[in-house]
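Numbering (this note's numbering), first residue to last: 6 to 1097.
Note that CB positions come from ideal geometry on N, CA and C, so glycine has one too.
Being a predicted model, the structure only gives us computed values, none of them experimental.
So the structure is just underneath, and the comments pick up after that.
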């Protein structure tokens, strides 16, 4: 088994590594675990680092790596030791195209003498790497074969893309295409391009079509190109067939034909989204909106508290601890009071009964008759009391010792006079004697009742001390526990910022004051109830307290001010989420330790002098917001001590109550201003004017709008875009300005080097980027990791401020001096799902609809349309944590579309979706933006997504805009050539293959043979070898009929090839003005280059 494990390398879907170890340490340790000899470990690790371009990050801890870098590390661990079998589960998930190509080079380079099995959602990855592809759908293997076999058998043919100008007659052009290829269908049409689907069987008609396009220059075609069907098309077709097959298993339902079903669902989706995007729901009034947002945030917070069990469990656990300790102390106190059982003082304790034998501890009662008369009645009483009596005539009682007690009877007139003599060693002998005498008097008076005496030990002083200590301890415990509670339920803001839910809410038009008040409406009553329960139980278990009106009211007034003060202070501390991972647990611990420390310090200083205690108490009340109630409660308890002595040198707790009562109210005012300041600094941009959190100063910050440096190498399209933006910025009478304008956007960060902590190094994220997005247009923003895409998006949403430059979104300016409030909301679908795990899909739509100002009736209607359009009906009542990744992305897209925002930012909206779900999402995006009044920016790592959705594409390289234009325009301008793939018939001979290769070289002199599989020949054709597509297809058709060729494909360079060629330029720059990207490594030798 050990030998078998050495032969296998596994890269699971989840990244496996040690977070605290560096990249190199992870590789070294796992190389040793795999059994690689110690002498070879260093060499093998260095080889993997070089192959995966991880040398620059080898000393970085794994937890600090990006998602794509972690994926590289997992793959590097799998290939350690050059295993014979590689099992890779989505090895390039989360990587940008350049990183994926590095991995592809590695796998192709190490392909020899190895079996590699990998799963993937990237069809181009399967197309390029795999010799054979197996498609599994609905748990069944649908097909296995080469790319060309799958494309020709299940593909839909070629895609003809034409870049057109404004003078283009689209109808005439469509007629021309269908004249030559009758089965051609129009896939996409806008002002800048037309896209047709051409059937694979009509490839013989292509030369005539392309020749006509070349000759009819008056049709307005700037350039055109063809690309063959992709494996993604094959996958989608097989997926639909699998669904039909699944449906056929049921005899109780009849499904319509595939085309009708797909067409019907697509039409319904388009209709729903078009109605949604074109309708303008009635918005509530300004005051009504504020109230609606407050109630919505309160409802959201309450739902999270109720369903997020961790916070609620923590609060209940702390309450349980307090009540348990209280009950335990109460029982201990009462058990101490009842520790000694009361003793009944009867004669049997010290006196013998008549007839008893002598006893060590009991004796007879000595009776001395000094009356000179008969005392038989007394003797009879004593006999009735079962007391043995010994008559005594001597006056020296010591001579009769040991005896318990004696009575000397004398007479005064008619009554006896008793003189009691007792043994002091017999503790209760005197009370017993007194009881005997008392009962005799009752007997003598003919009273039938008798007196009984009990003795209960008197520990009043001890019980008072215990009571005070116990009460003081429980008050301190209350302070420690109660301060630990607020972070568990009042720090939802930290989680909202971490998941970017707060940014999403702000861009949806949420008012900051409504956000904070909505949370306070829940948190303050909850905390007040918890505190009231704890204080009530404290006083209930200690009923010995005297409730004077003034001192009790002081505690009540302190409590009323203390609750909002602590809640507001907790809101402020929640802004530490960037530096503290477990914010709730951390601040709960800090609160408790601080309360305990305050108690300990004040009590220790009490023994050093009362003045020090008073001063510290005042300081703590003023500077520590969690202390006033604790100080007030302790002072209140000290006042209740009944034995408290007051003099000039004694600490007077009454003096401490005033500052403890007043300080929470002063804190509340201070915290409101600090909260507003934190909101302004960390909360991001508000799209609506807040009626309460108004800007204190109307002076705007000084913004630099510097002109970009002259760059002669700048692309002409980029220059034209820059001039266009500049002209639009200065134009005051333009009929319609673009929905988004970015003018000379420049962003620099100051970064500290680990080895020089005092030296700040500037990092440039964006270099004077300018572009605009017209209404009705979708602009794709592409670029490798570190190119500056995320920085631009963060600037657009207001998370960070640019170093210089301007951004205009709709009619709203990012300039802080602008007071225009016309931009009510913005659509934003971030890369990280800004969703609450315990809130259902339907509740998400309702919450965001209410925040955006939609009426309740409109929210229901819009929710129904969205769920129908995006196929979310069956997931409405599921919480987010139970939703698949693809459904979560659909929900994020739906939230961004609510309220028909004029500007929408989509950050990798289809991440994590399978090809079918991605196609559904792309169709939804295209449909939603058919409305000409809306614009969008879409960032993606999927080149096919940019081709399918975007009207124009902008590629960022090293923070600079490298090119911009339509997809076809970029292919024509930057594409390095074409790709030819030929599938030979199985019986072809080697000699004929040689002749075929020579013929290909004649047609395309500079064609380079690529490594292929079995009977497939692949060539990369330089652009200069293709003078005309019509001539190329004509010659290839002749070759097909001359040689034993089964099928062939001839397609233009893909957008991904253009992307890769452009991003080769991204390199590490000088440390004084670097970028955030890593060095891009690329195999430049023709033999090892990736086949496209």
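**OP:** Just tell me which of 584, 413, 862, 180 has its CA closest to the CA of residue 427.
**Re:** 413
Subject >> Cβ pair residue 636, residue 802 closer than 9 Å >> reply: Cβ atoms of residue 636 and residue 802: not closer than 9 Å.
**OP:** Flag this pair as yes or no: are the beta carbons of residue 673 and residue 573 separated by less than 9 Å?
**Re:** yes
Original post:
Hey, is the region 968-978 in contact with the region 998-1014, meaning 3+ C-beta pairs nearer than 8 Å?
Top reply: no
Original post:
Could you give the distance in angstroms between the alpha-carbon of residue 888 and the alpha-carbon of residue 880?
Top reply: 7 Å
Subject >> Proximity to residue 500 [Cα-Cα], best of 671, 100, 840, 882 >> reply: 840
Subject >> CA nearest to the CA of residue 909, picked from 923, 934, 892, 723 >> reply: 934
Original post:
Three or more C-beta pairs closer than 8 Å, one from the region 524-536 and one from the region 288-307: is that the case here?
Top reply: Cβ pair count under 8 Å is three or more, so yes.
Original post:
Does the count of Cβ pairs from the region 578-586 and the region 597-606 closer than 8 Å reach three?
Top reply: no
Subject >> Pick from 120, 753, 29 that is closest to residue 90, judged by C-alpha positions >> reply: 120
Original post:
What residues in its chain sit with their C-beta under 8 Å from that of residue 562, if we drop five residues either side in the sequence?
Top reply: 666
Original post:
In chain order, what residues of the same chain have a beta carbon less than 7 Å from the beta carbon of residue 444, not counting five sequence neighbours either side?
Top reply: 455, 456
Subject >> Backbone secondary structure at residue 891 - three-state DSSP >> reply: helix
**OP:** Using the Cα positions of residue 145 and residue 137, report the straight-line distance between them to the nearest angstrom.
**Re:** 17 Å
Original post:
Quick check: the region 1027-1034 against the region 189-206, are there 3 or more CB pairs under 8 Å?
Top reply: no
Original post:
If you run the structure through DSSP and keep just helix, strand and coil, what is residue 1014?
Top reply: In the three-state reduction of the DSSP assignment, residue 1014 falls in the strand class, which pools E and B.
**OP:** Use the C-beta contact count for residue 783: other C-beta atoms within 10 angstroms, 16 or more gives buried, fewer gives exposed.
**Re:** Classification for residue 783: buried.
Subject >> Contact check, residue 41 vs residue 49, beta carbons under 9 Å >> reply: yes
Original post:
Distance, Cα to Cα, residue 15 vs residue 36?
Top reply: A direct Cα-Cα distance of roughly 13 Å separates residue 15 from residue 36.
**OP:** Consult DSSP for residue 718 and reduce its assignment to one of helix, strand or coil.
**Re:** coil
Subject >> Straight-line gap, residue 451 to residue 386 (C-alpha atoms, nearest Å) >> reply: Each residue's CA atom was taken as its position, placing residue 451 and residue 386 some 12 Å apart.
**OP:** For residue 203, collect the residues of the same chain with a Cβ closer than 6 Å to its Cβ; drop the 5 residues on either side in sequence, then sort them by chain order.
**Re:** 162, 163, 165, 186, 189
**OP:** Evaluate residue 149 with the Cβ neighbour count: other Cβ atoms within 10 Å of its Cβ, from every protein chain shown; 16 or more gives buried, anything less gives exposed.
**Re:** With fewer than 16 other beta carbons inside 10 angstroms of its own, residue 149 counts as exposed.
Original post:
Quick one, are the C-beta atoms of residue 531 and residue 520 less than 9 Å apart?
Top reply: no
**OP:** Tell me residue 941's beta-bridge partners as DSSP assigns them.
**Re:** 783, 909
Subject >> Among 932, 892, 716, the one whose alpha carbon lies nearest that of residue 917 >> reply: 892
**OP:** Please determine if the region 75-82 and the region 1036-1045 are in contact, where contact requires at least 3 C-beta pairs separated by less than 8 Å.
**Re:** With a cut-off of 8 Å, the region 1036-1045 and the region 75-82 do not count as touching, because too few Cβ pairs lie within range.
Subject >> Paired residues, beta bridge with residue 880 - DSSP >> reply: Paired residue(s): none; residue 880 is not in a bridge.
**OP:** Taking all protein chains shown into account, decide if residue 478 is buried (16 or more other Cβ within 10 angstroms of its Cβ) or exposed.
**Re:** Here residue 478 is exposed. Its C-beta has fewer than 16 other C-beta atoms within 10 Å.
Original post:
In the region 38-105, which residue ranges form an unbroken beta strand (DSSP E) of at least 3 residues, counting only runs that do not cross its ends?
Top reply: The region 38-105 contains these whole beta strand (DSSP E) runs: 90-94.
**OP:** Using alpha carbons as the reference points, say which of 417, 33, 70 lies closest to residue 84.
**Re:** For the residues 417, 33, 70, the minimum Cα distance to residue 84 belongs to 33.
Original post:
Which ranges does the beta strand (DSSP E) cover as unbroken runs of at least 3 residues, wholly within the region 967-1050, from first to last along the chain?
Top reply: Look at the region 967-1050 and you find these whole runs of beta strand (DSSP E), each 3 residues long or longer: 982-989, 1013-1015, 1021-1027.
**OP:** Would you be able to state if there are at least three C-beta pairs under 8 Å between the region 352-370 and the region 329-336?
**Re:** no
Original post:
Taking 9 Å as the CB-CB limit, is residue 36 close to chain B?
Top reply: The question asks about chain B, but that chain is absent: this structure has only one protein chain.
Original post:
Grouping DSSP H, G and I as helix and E and B as strand, with all else coil, what is residue 1098?
Top reply: Residue 1098 lies beyond the residue range present for the chain, which begins at 6 and ends at 1097; the question has no answer from this structure.
**OP:** Out of 419, 367, 668, state which residue places its alpha-carbon closest to the alpha-carbon of residue 406.
**Re:** Of 419, 367, 668, the residue nearest in Cα terms is 367.
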